[in-house]
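Residue numbers (UniProt numbering): 1 to 206.
Structural data, given as structure tokens:
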């Protein structure tokens with residue numbers, strides 16, 4: 001038999017499975033982030049952080065809320081959904097001890113510096129990004145609560161030095177979170193391909 005001929009033996013790839021709580025967490029994150037960004041842009045249009053009402057305006061197609069008060073209602077409602085989702089998922093990974101595989105360790109730092117295995121380095125970068133985004137998300141929520149109830153949480157405003165500084169910090173957190181989302185997705189593609197991303201959202205749910 002000619003060994004150069006292709007064989008009919010099928011090749012099987014190990015399926016990637018994600019726990020249902022991880023899928024729910026990613027879906028709620030995706031929805032709440034979309035609501036917060038579009039309603040936040042509505043707030044920006046009505047009362048921009050930089051340049052006053054005469055500043056650069058976002059097209060209505062990308063806005064949610066219709067006006068300043070409507071944007072605020074949507075934004076803060078989505079903020080509570082986002083914050084509670086982070087809280088319950090944090091409790092979940094603590095109880096299940098999944099945090100040991102989610103956050104960066106000294107071994108990951110060494111892998112980034114010295115490893116010649118591209119896949120190992122991608123895993124290390126993924127965990128580093130996953131770890132670095134936690135304080136950014138907490139800062140976004142912390143500053144958002146200060147903007148939501150400045151009278152009740154005046155100490156949060158004082159922490160940032162001024163109301164304008166508080167608003168700028170909160171506004172700057174948005175592109176950082178968006179960049180993390182893109183990097184998180186790209187690293188996921190490098191580590192597990194499209195199957196990994198599919199497993200995070202709809203694999204096994206249809």
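The beta-carbon is built from N, C-alpha and C at its ideal position, and this holds for glycine as well.
In terms of CA proximity to residue 80, 33 leads the group 33, 128, 151, 163. Where residue 77 is concerned, the enclosing alpha helix (DSSP H) starts and stops at 68–95. Relative to the Cα of residue 84, the nearest Cα in the group 29, 125, 148 belongs to 29. Cβ atoms of residue 82 and residue 36 come within 8 Å of each other, at about 6 Å. Per the coordinates, the alpha-carbon of residue 24 lies some 25 Å from the alpha-carbon of residue 63. Taking 8 Å as the cut-off, the Cβ atoms of residue 130 and residue 98 do not count as close. In the structure shown, residue 111 falls within a helical segment according to DSSP collapsed to helix, strand and coil. Under the three-pair Cβ rule at 8 Å, the stretch 68–78 counts as touching the stretch 36–45. Between residue 158 and residue 150, the alpha-carbon positions lie close to 10 Å from each other. Under the 10 Å beta carbon count, residue 173 is surrounded by 16 or more other beta carbons and is classified as buried.
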